[in-house]
Amino acid sequence: MSKPEEKKKSAVPAVEKALDVLELLTDAPAGLTMNEIVDALNRTMGEIYRVVIYLAERGYLQQDPRTSRYALTLKLFELSHRHDPTERLIHAALPLLERVAARTNQSCHLGVLNRDNVLVLTSVQSPLPAGYAVRTGALFPVGQTSSGHVILAFSDEDTQARHIARQPENARDALAARLERIRNAGFEDTPSTMIAGVRNLCAPVFDTRGVVAAITSGFIQQLGQATTAEDTLATLRLTALDLSRALGFNPENSPHGPVLSS
């Protein structure tokens, strides 16, 4: 089945029209009349009238009695701030990180960029009696972490350029090359720069806006352990993709999709 056919099959006409109206009015701060909405959406009055009235009744739109223009209220803003995005990210990530630890016998953690540092939002220890783990709440300079480099590698060009420009001139080319390698591979697998004997395995996490975090495992090969670093990396990458999907990321609509699923 082609993508247009899939979209047509999954579409809910009333919902589609309501979203069209809301998205149209986000670019019209002064509001639009009913006729202007109908014309802009290339719909009939019969298709749009009841949708606009219902959105107004539910408090998403308000009509100016003087101009008859409909404009967005603050309700969408209020809804978006009822659920802290950081708490949502942690809530979605924690059970997945626990799954990684259980399957690989390795610790893992979720890191996000915080200016020039990486903040560990949550972490899960290895189920084995001994191992290496990173503390929740820990803060590390970006340059010391795989998490920071992976997030930067999938950030927009301006963010990358600003970060590279802040580095010593003799280190910029190497950093740019490292970010390019990560983008091409879709992950990073490299020795830790902080702990000897630890192998950093790291994969990016996306939401609808772009890269938001990275999942990292500091792999230690213990005697008698069957799980390899390659096994752990594969589990980590699948988990990062599962978390990204839970956050609304659609690999099929992203330039990073093929890299993530390779």
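According to the numbering used here, the stretch in the sequence shown is residues 12 to 273, in order.
Glycine residues also receive a C-beta, built at the ideal position from the N, C-alpha and C atoms.
Quick caveat, the model's predicted, so the values are computed rather than measured.
First through last residue of the beta strand (DSSP E) which encompasses residue i
i, result
"ASP242", "Where ASP242 is concerned, there is no enclosing beta strand (DSSP E), although the alpha helix (DSSP H) it sits in stretches over 240-257."
"SER134", "128-135"
"LEU139", "No beta strand (DSSP E) contains LEU139, which DSSP labels as neither H nor E."
"ALA214", "210-217"
"ARG152", "Here residue 152 turns out to be Pro, not Arg, going by the sequence shown. It spans 150-152 - the beta strand (DSSP E) in which PRO152 sits, taken as one unbroken run."
"ALA230", "In the sequence under discussion, the amino acid at residue 230 is Phe, which differs from the Ala named in the question. Taken as a continuous stretch (DSSP letters only), the beta strand (DSSP E) holding PHE230 covers 222-230."
"LEU121", "119-125"
"THR204", "Counting along the chain, THR204 falls outside any beta strand (DSSP E), and DSSP gives it neither H nor E."
Alpha-carbon to alpha-carbon, residue j and residue i
i, j, result
"GLN236", "THR246", "16 angstroms"
"VAL222", "PRO76", "43 angstroms"
"VAL145", "ASP253", "22 angstroms"
"LEU90", "THR243", "38 angstroms"
"PRO138", "ARG110", "11 angstroms"
"PRO140", "ALA214", "26 angstroms"
"THR170", "SER158", "15 angstroms"
"THR84", "ALA149", "40 angstroms"
"ASP50", "ASP38", "15 angstroms"
"VAL123", "ASN116", "23 angstroms"
"LYS18", "GLY42", "With a pLDDT of 48 at LYS18, under the threshold of 50, the predicted position of this residue should be treated as unreliable, though the coordinate-derived value follows. Cα-Cα distance, rounded: 29 angstroms."
"THR97", "ALA112", "22 angstroms"
"SER118", "TYR143", "7 angstroms"
"LEU121", "ALA182", "27 angstroms"
"PRO262", "ARG177", "32 angstroms"
"GLN73", "GLU27", "20 angstroms"
Cβ neighbour criterion (16 or more within 10 Å) applied to residue i
i, result
"ALA225", "buried"
"THR239", "exposed"
"ARG80", "buried"
"ALA185", "exposed"
"ASN264", "exposed"
"PHE88", "exposed"
"ILE59", "buried"
"LEU30", "exposed"
"HIS102", "exposed"
"THR55", "exposed"
"ASN46", "exposed"
"VAL62", "buried"
"LEU258", "buried"
Residue of the options minimising C-alpha distance to residue i
i, options, result
"ILE231", "ASP200, ARG220, ASN261 and LEU258", "ASP200"
"LEU36", "VAL26, ILE48, GLU27 and ALA25", "ILE48"
"ARG173", "ILE59, LEU212, ASP127 and GLY208", "ASP127"
"PHE260", "PHE217, THR250, GLU241 and GLN233", "PHE217"
"ARG189", "MET205, VAL161, SER265 and GLY70", "VAL161"
"PRO266", "THR204, ASN195, LEU258 and GLN233", "ASN195"
"LYS86", "THR78, THR97, ASP95 and GLY70", "GLY70"
"ASN125", "PRO24, THR156 and CYS119", "THR156"
"LEU130", "ASN211, PRO152, LEU105 and GLU180", "PRO152"
"SER255", "ALA207, PRO179, GLU191 and ARG99", "ARG99"
"MET205", "PHE165, THR219, GLY154 and ILE175", "GLY154"
"ALA187", "GLU168, PHE198, PRO202 and SER203", "GLU168"
"PHE198", "LEU249, PRO40, ALA257 and GLU68", "LEU249"
"LEU212", "ALA251, ILE175, PRO179 and THR219", "ALA251"
Where the alpha helix (DSSP H) through residue i begins and ends
i, result
"ARG192", "183-196"
"LEU163", "157-164"
"GLU168", "168-176"
Cβ of residue i within 8 angstroms of any chain B Cβ
i, result
"MET45", "Here there is only one protein chain, and chain B is not present."
Legend entry - 3-residue-minimum beta strand (DSSP E) runs that sit fully inside the stretch 19-107, ordered along the chain: 72-74 and 81-83
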